[in-house]
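Scroll down for the structure; my scribbles are underneath it.
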Amino acid sequence: MIRIALSLSLSLLMVAGCTTSNTVERIEQPDSVVKYKDDSTKSGRYSNLYPGKKTYPETCIDNCYPKSSLLACEAPAEKCKFTGVQPQLPLTTGFSIRWLGHASFYIESPDGSTLLLDPVSGQFDWPVNWAFRISEGFNRQAAVWPSEEEIANIDAVLYSHIHYDHFNKDDIEKIGPDTEYYVPMGFAEHFPADGYRINEMAWFSTASMGELAIHFVPAHHFSSRVWVPYIYEDDDATLWGGWVVEYKNQRIFFAGDTGYSQHFKDIQQRYGDMDVCLLPIASYFHQEYGAWYRYVHTTPEDALTAAKELNCKVMIPWGYGNASWKMGDLSSHSALLRLLHMHKEMASTIPLHILNEGEGVAL
Numbered sequence: 065m066i067r068i069a070l071s072l073s074l075s076l077l078m079v080a081g082c083t084t085s086n087t088v089e090r091i092e093q094p095d096s097v098v099k100y101k102d103d104s105t106k107s108g109r110y111s112n113l114y115p116g117k118k119t120y121p122e123t124c125i126d127n128c129y130p131k132s133s134l135l136a137c138e139a140p141a142e143k144c145k146f147t148g149v150q151p152q153l154p155l156t157t158g159f160s161i162r163w164l165g166h167a168s169f170y171i172e173s174p175d176g177s178t179l180l181l182d183p184v185s186g187q188f189d190w191p192v193n194w195a196f197r198i199s200e201g202f203n204r205q206a207a208v209w210p211s212e213e214e215i216a217n218i219d220a221v222l223y224s225h226i227h228y229d230h231f232n233k234d235d236i237e238k239i240g241p242d243t244e245y246y247v248p249m250g251f252a253e254h255f256p257a258d259g260y261r262i263n264e265m266a267w268f269s270t271a272s273m274g275e276l277a278i279h280f281v282p283a284h285h286f287s288s289r290v291w292v293p294y295i296y297e298d299d300d301a302t303l304w305g306g307w308v309v310e311y312k313n314q315r316i317f318f319a320g321d322t323g324y325s326q327h328f329k330d331i332q333q334r335y336g337d338m339d340v341c342l343l344p345i346a347s348y349f350h351q352e353y354g355a356w357y358r359y360v361h362t363t364p365e366d367a368l369t370a371a372k373e374l375n376c377k378v379m380i381p382w383g384y385g386n387a388s389w390k391m392g393d394l395s396s397h398s399a400l401l402r403l404l405h406m407h408k409e410m411a412s413t414i415p416l417h418i419l420n421e422g423e424g425v426a427l
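Counting from 1, position 212 in the sequence shown corresponds to residue 276 in my numbering; the numbering is continuous, with no gaps.
Here it is as structure tokens:
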């Protein structure tokens with residue numbers, strides 16, 4: 065059932081012992097949207113806008129990972145650096161964007177404010193990091209974290225969803241409570257009680273921060289954080305989504321983790337064309353469960369289709385790389401090879417700006 069939200073702005077206090085209470089504001093507008101599962105046994109659990117079987121406009125079948133002279137790698141498609149020439153873009157958005165690694169970005173806006181998107185500096189929170197290692201996972205290369213001065217002056221932190229590679233409690237404590245946090249609905253209970261200012265948002269809701277409009281938008285994904293067999297699970301108990309950060313009709317779109325669906329067209333119809341699109345291109349590959357992985361993670365060709373539907377003026381890919389965990393990937397840079405290949409195969413007119421971890425661009 066889709067619920068068209070009533071105009072609402074509630075301040076809630078969350079108290080834990082003698083610690084400082086968090087302030088939680090729930091943000092919805094009359095045209096905001098929340099969708100819940102139809103299953104009566106999953107009452108109150110969130111659902112994607114467009115569940116069900118998917119078809120995809122483009123799919124790479126053969127020779128999807130040809131070598132590229134634009135990558136300098138230590139091993140085949142592994143530990144690489146992009147060395148190609150960046151496109152000349154007729155953009156004057158005033159935004160500066162730095163890729164920290166995996167899904168993490170540091171953004172400077174035209175009004176002087178700074179934002180972090182899905183900041184995760186190191187590994188997963190314990191005990192998941194431990195479990196990941198014993199199940200033959202590995203420790204990723206650390207993200208290129210902002211300086212202490214930059215962290216101390218962050219104006220806002222935006223989280224897309226609760227998964228461990230996008231939301232890390234250690235980093236929340238490093239950043240601290242002296243900033244605004246914008247999160248999906250159901251998210252606040254995962255914060256420590258230490259005076260944090262948390263804004264929980266529904267899909268297609270908007271918050272104002274100075275001269276910025278911060279829009280929370282749908283993604284096609286899922287959420288979970290804790291699973292104890294036969295005892296407890298929190299599948300889809302928190303919402304997931306992406307963000308549109310807007311300054312005077314200049315828009316950055318951050319998709320969050322997502323599969324391909326109609327929601328990209330919905331976002332463009334609601335907010336207009338996107339100037340800069342930060343789109344995921346990885347975590348779609350699995351020998352046995354590839355269909356499910358793609359259902360909730362865009363392939364490079366899915367991301368290019370989404371960029372076209374969003375009318376992006378430039379696309380910056382993420383999710384792969386030296387600071388990724390290679391979950392659902394052949395190698396650290398296989399997804400980028402496939403993106404470069406499919407960009408040609410699809411004759412895409414969307415410019416690609418490929419960043420290495422720690423690099424930034426003013427657009």
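By construction, the Cβ of each residue, glycine as well, lies at the ideal position given by its N, Cα and C atoms.
If you count every other CB in all the chains shown that lies within 10 Å of the CB of V290, and 16 or more means buried, which is it? Exposed, by the Cβ-count rule.
Can you name the residues that DSSP bridges to H279? T270, V308.
Tell me the DSSP secondary structure of D300 in three-state form. In this structure, D300 counts as coil in the three-state DSSP scheme.
Please state the DSSP three-state secondary structure of R261. Here DSSP, grouped into helix, strand and coil, assigns R261 to strand.
Environment of E244 [buried if 16+ CB atoms lie within 10 Å]: Residue burial annotation: E244 is buried, with at least 16 other C-beta atoms found within 10 angstroms of its C-beta.
Compute the beta-carbon to beta-carbon distance between V208 and G165, rounded to the nearest angstrom, for a pair I have assumed lies under 8 Å. With a contact defined as Cβ atoms closer than 8 Å, V208 and G165 qualify at about 6 Å.
Same chain, Cβ closer than 6 Å to A466, five either side skipped, listed in chain order: This structure cannot speak to residue 466, because the chain is shown only from 65 to 427.
Classify D242: buried if its beta carbon has 16 or more other beta carbons within 10 angstroms, exposed otherwise. With fewer than 16 other Cβ atoms within 10 Å, it is exposed.
Local conformation of T105 per DSSP, three classes: T105 falls in the helix class under three-state DSSP.
Give the straight-line distance between the Cα atoms of A80 and E237, rounded to the nearest whole angstrom. Its pLDDT being 39, under 50, A80 is placed unreliably in this model, and the value from its coordinates should be taken loosely. Those two C-alpha atoms are separated by around 16 Å.
Is DSSP giving S75 helix, strand or coil here? Legend: pLDDT at S75 = 39, less than 50; position of this residue unreliable, no value from coordinates given.
Contact under 8 Å by Cβ, S224 with D102: Against a cut-off of 8 Å, the Cβ pair of D102 and S224 comes out as no contact.
Span separating the alpha-carbon of P344 from that of T87: Cα to Cα, P344 sits roughly 32 Å from T87.
For E421, which of helix, strand or coil comes out of DSSP? The answer is coil: DSSP assigns E421 none of H, G, I, E or B.
Compare the C-alpha of K143 against each of G424, L400, M406 and name the closest. By alpha-carbon distance to K143, the top candidate from G424, L400, M406 is L400.
Just the C-alpha distance for A136 and K390, rounded to the nearest angstrom, thanks. Cα to Cα, the separation comes out at about 18 Å.
Can you tell me where the beta strand (DSSP E) with T369 in it begins and where it stops? The continuous stretches of beta strand (DSSP E) do not include T369, which lies in the alpha helix (DSSP H) extending over residues 364-373.
What is the DSSP secondary structure of A220, counted as helix, strand or coil? In this structure, A220 counts as strand in the three-state DSSP scheme.
Please list, in chain order, all residues of the same chain as N217 whose beta carbon is under 7 Å from its beta carbon, the five residues on each side excluded. Cβ neighbours of N217 beyond the five flanking positions: T178.
Output the distance between the C-alpha atoms of G108 and D175, rounded to the nearest integer angstrom. Cα to Cα, G108 sits roughly 38 Å from D175.
How long is the line joining the alpha carbons of I414 and S85, rounded to whole angstroms? Answer to the nearest angstrom: the Cα atoms are 46 Å apart.
I'd like to confirm something about V281: is its beta-carbon nearer than 7 Å to some heavy atom of the ligand NAP, or not? This structure simply doesn't include the ligand NAP, nor any ligand for that matter.
Would you report the Cα separation of H417 and K106, rounded to the nearest angstrom? Taking the straight line from one Cα to the other gives about 41 Å.
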